[in-house]
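Participant: Below is one structure. I have some questions about it.
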Amino acid sequence: MSDVMTHPILYSFRRCPYAMRARMALLVAGIQVELREVVLRDRPEHMLEISPKGTVPVLLLDDGSVIEESMDIMQWALDESYFVDDWQQLVDGNDGDFKHHLDRYKYNNRYENPLSPEEHRSHVVTFLEGYNTRLAQTSFLCGQDVTIADYALSPFVRQFANTDRAWFDQL
Numbered sequence: 011m012s013d014v015m016t017h018p019i020l021y022s023f024r025r026c027p028y029a030m031r032a033r034m035a036l037l038v039a040g041i042q043v044e045l046r047e048v049v050l051r052d053r054p055e056h057m058l059e060i061s062p063k064g065t066v067p068v069l070l071l072d073d074g075s076v077i078e079e080s081m082d083i084m085q086w087a088l089d090e091s092y093f094v095d096d097w098q099q100l101v102d103g104n105d106g107d108f109k110h111h112l113d114r115y116k117y118n119n120r121y122e123n124p125l126s127p128e129e130h131r132s133h134v135v136t137f138l139e140g141y142n143t144r145l146a147q148t149s150f151l152c153g154q155d156v157t158i159a160d161y162a163l164s165p166f167v168r169q170f171a172n173t174d175r176a177w178f179d180q181l
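Set out below in structure tokens:
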């Protein structure tokens, strides 16, 4: 068997929102990868060799370099037309407070915290209301064209919606 890579290798987990955003960017950019789905409780040795932190996504490029963060993969894959307006502010809010409250809503028993799951859910809804305000004025979060923000945030909105689909659908 040859050790020559024909495509970059992407280690991923299908339900991980960080891995989803990386996969979307690669798909939109038309970059073919060898997709290696990871069972998180049994991470592949090769993945851990190139990325000891053990989280997905991990992208191994043809030249041997490794990209270990979803936003870095997105920025590597997408052309400059996807980086407009205040996309970074939206992503920072998503990866900060939105994700903080999403995790404590979805996995409340894993955290010691003074807020109930419903209170954390309410904080996430505040973000969604802001997104809806934007989307009432434009087709996408940052204007009339899809940007990195749309791809970066949508997996987290999906994860929130799927936590309690019946409740979400009545919003």
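Once you know that position 104 of the sequence shown is 114 in this note's numbering, the rest is easy, because the numbers rise by one and skip nothing.
Every residue, glycine too, gets a C-beta built ideally from N, C-alpha and C.
Let me confirm a value: TYR115 is counted as buried when at least 16 other C-beta atoms fall within 10 Å, else exposed. Which label applies?
Facilitator: Sequence index remark: in the sequence shown, residue 115 carries index 105 (1-based). With 16 or more other Cβ atoms within 10 Å, it is buried.
Participant: Using 10 angstroms around the beta-carbon of TYR161, count the other beta-carbons present and answer buried if the total reaches 16, otherwise exposed.
Facilitator: Residue numbering aside, residue 161 sits at position 151 when the sequence shown is read from its first letter. Looking at its Cβ environment, which holds 16 or more other Cβ atoms inside 10 Å, TYR161 is buried.
Participant: How would you label TRP177, buried or exposed, when you count the other beta carbons within 10 angstroms and need 16 or more for buried?
Facilitator: What you label residue 177 is simply residue 167 of the sequence shown in a count that begins at 1. Answer is exposed; the Cβ neighbour count stays below 16.
Participant: Excluding the 5 residues preceding and the 5 following ALA159 in the sequence, name in chain order all residues of the same chain whose CB lies nearer than 7 Å to its CB.
Facilitator: Along the sequence shown, read from residue 1 onward, the residue named residue 159 stands at position 149. Closer than 7 Å at the Cβ level, and outside the excluded window around ALA159, lie TRP97, LEU100, VAL101, LEU151, CYS152.
Participant: How is the beta strand (DSSP E) around VAL134 delimited, first residue to last?
Facilitator: Translated into the one-based positions of the sequence shown, residue 134 becomes position 124. Run containing VAL134: none in the beta strand (DSSP E); it sits in the alpha helix (DSSP H), 127–147.
Participant: Please state the DSSP three-state secondary structure of PHE23.
Facilitator: Taking the first residue of the sequence shown as position 1, residue 23 is located at position 13. It is coil, neither helix nor strand.
Participant: Are the Cβ atoms of ARG53 and LEU20 separated by less than 8 Å?
Facilitator: In the sequence shown, residue 53 corresponds to position 43, counting from 1. In the sequence shown, residue 20 corresponds to position 10, counting from 1. Not in contact: ARG53 and LEU20 (Cβ atoms no closer than 8 Å).
Participant: Among the candidates PHE23, THR173, LEU88, ASP105, whose CA atom is the shortest distance from the CA of LEU51?
Facilitator: By one-based count along the sequence shown, residue 51 stands at place 41. In the sequence under discussion, the amino acid at residue 51 is Arg, which differs from the Leu named in the question. Closest option to ARG51, Cα to Cα, is PHE23.
Participant: Take GLU79 as the anchor and find which of HIS110, TYR121, ARG33, ASP174 has the nearest alpha-carbon.
Facilitator: The residue given as residue 79 occupies position 69 in the sequence shown. Measuring from the Cα of GLU79, the nearest candidate turns out to be ARG33.
Participant: What is the rounded straight-line gap between the Cα of GLY103 and the Cα of ARG131?
Facilitator: Here the question's residue 103 lines up with position 93 in the sequence shown. Here the question's residue 131 lines up with position 121 in the sequence shown. Approximately 15 Å, taken between the alpha carbons.
Participant: Mind reading off the beta-carbon distance from PRO67 to ILE41? Whole number of angstroms is fine, and I expect it under 8 Å.
Facilitator: In the sequence shown, counting from the first residue as 1, residue 67 sits at position 57. In the sequence shown, counting from the first residue as 1, residue 41 sits at position 31. Contact flag wrong, Cβ pair sits at about 13 Å.
Participant: May I ask you to report which of helix, strand or coil DSSP gives VAL68?
Facilitator: Within the sequence shown, residue 68 is the residue found at index 58, counting from 1. Of the three classes helix, strand and coil, the one that applies to VAL68 here is strand, per DSSP.
Participant: So, with DSSP's three-state summary, where would you put GLY40?
Facilitator: Locating residue 40 in the sequence shown gives position 30, where the first residue counts as 1. In the structure shown, GLY40 sits in coil (DSSP, three-state: anything other than H, G, I, E or B).
Participant: Could you give the first and the last residue of the continuous alpha helix (DSSP H) run that contains VAL101?
Facilitator: Here residue 101 refers to the residue found at position 91 of the sequence shown. Taken as a continuous stretch (DSSP letters only), the alpha helix (DSSP H) holding VAL101 covers 97–103.
Participant: Which residues mark the beginning and the end of the alpha helix (DSSP H) in which GLN85 is found?
Facilitator: As a position in the sequence shown, residue 85 is number 75, starting the count at 1. Its alpha helix (DSSP H) spans residues 80–87.
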